[in-house]
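Asker: Protein chains in written order, with this note's numbering: chain S, 2 to 132; chain Y, 2 to 132.
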DNA sequence: ACAAATGATACAAATATGGTATCATTTATT
DNA sequence: AATAAATGATACCATATTTGTATCATTTGT
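1. Counting only beta-carbon separations shorter than 8 Å, does residue 3/Y have a partner in chain S?
2. For the region 42 to 54 of chain Y, which residues have a CB atom closer than 9 Å to at least one CB atom of chain S, in sequence order?
3. How should residue 12/S be labelled, buried or exposed, when 16 other C-beta atoms within 10 angstroms of its C-beta is the threshold for buried?
4. Looking at C-beta atoms only, is the number of pairs between the region 28 to 37 of chain Y and the region 114 to 121 of chain S that lie closer than 8 Å three or more?
5. With a cut-off of 8 Å, do at least 3 Cβ pairs link the region 4 to 23 of chain S to the region 122 to 131 of chain S?
6. From what residue to what residue does the alpha helix (DSSP H) around residue 16/S run?
7. Candidates 128/Y, 16/Y, 109/Y: which alpha carbon is nearest residue 49/Y's?
8. Cutting at 7 Å between CB atoms, please list the residues of its own chain near residue 53/S, excluding the five before and the five after it.
9. I'd like to confirm the pairing. Which residues does DSSP put opposite residue 59/Y in its beta bridges?
10. Rounded to the nearest angstrom, what separates residue 127/S and residue 73/Y at their Cα positions?
11. Which residues in chain S have a C-beta closer than 7 Å to the C-beta of residue 117/Y? List them in chain order.
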């Protein structure tokens, strides 16, 4: 079981690299070189981060990407939510089926507590702290 | 992202039910009825738990399953390891590629800390505490 | 002998993840 | 104005994992 998937991993590395560029625009080719990531896959990730407002893109020749926010305002939790969906340790498979039953509630309750801790941690890890 | 998958969920419920049977042998049909789980899928799960020593099976007519250990000696962490594999929040996609690089180590280090906490929690939640 | 149970194992469907391919659009440069 | 270099959008495909299903062999109580 993984906490972060490959696309999040690429995203972290890309953002860390961009954080070191002082706002200079970097084209995908530059990031591909730096990260040795598959180019079309990386493009897809960057485009998503652009749409979500973490990156700012510039089209046309000389274009590329730069951070849209300060590195200490971008958190691992944000990236995971955007690229992997909400963290739901606690997704109940049995919905209304058992939920009157005490032991199920106990399981859910305990997993929920773990989830809350993990989310709070992930929301405290900034790109700046990883750079 | 899920912390426990459906088969683990079934396993928890099955073990909790068996824990209430005072060592009486319960056939799969009994558990299917109790859990409304797909019978062949549940059989597969129970057979795995038997092989791993958490359950004791009895073949033949009148056979079935019972707990092999006291409910306070079986932990959620065990079930997850058996049915979902080792918890590896920290599985590095980039192995030797970047590992000389400081920022990668920072990411891994932080995820490792979260992983350790989660594992310690999962290893503290017993079937008895969920019953 | 028979029926009721598990053991073992191969197969299949559904979903999630990782990645590719293509074409349209924008923009700097010439 | 033409061209080349970049992103935007989107459809598609490959692989792995999860969630099952199906079948036959084996064991055991009656």
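Glycine residues also receive a C-beta, built at the ideal position from the N, C-alpha and C atoms.
As the structure is a prediction and not an experimental result, all values here were calculated from the model.
Answerer: Walking through what the data contain:
1. yes
2. none
3. buried
4. no
5. yes
6. 7 to 20
7. The candidate whose alpha carbon is nearest that of residue 49/Y is 16/Y.
8. Closer than 7 Å at the Cβ level, and outside the excluded window around residue 53/S, lie 83.
9. 65/Y
10. If you draw a straight line from the Cα of residue 127/S to the Cα of residue 73/Y, it is about 39 Å long.
11. Those within 7 Å of residue 117/Y in chain S number zero; the least Cβ separation is about 11 Å.
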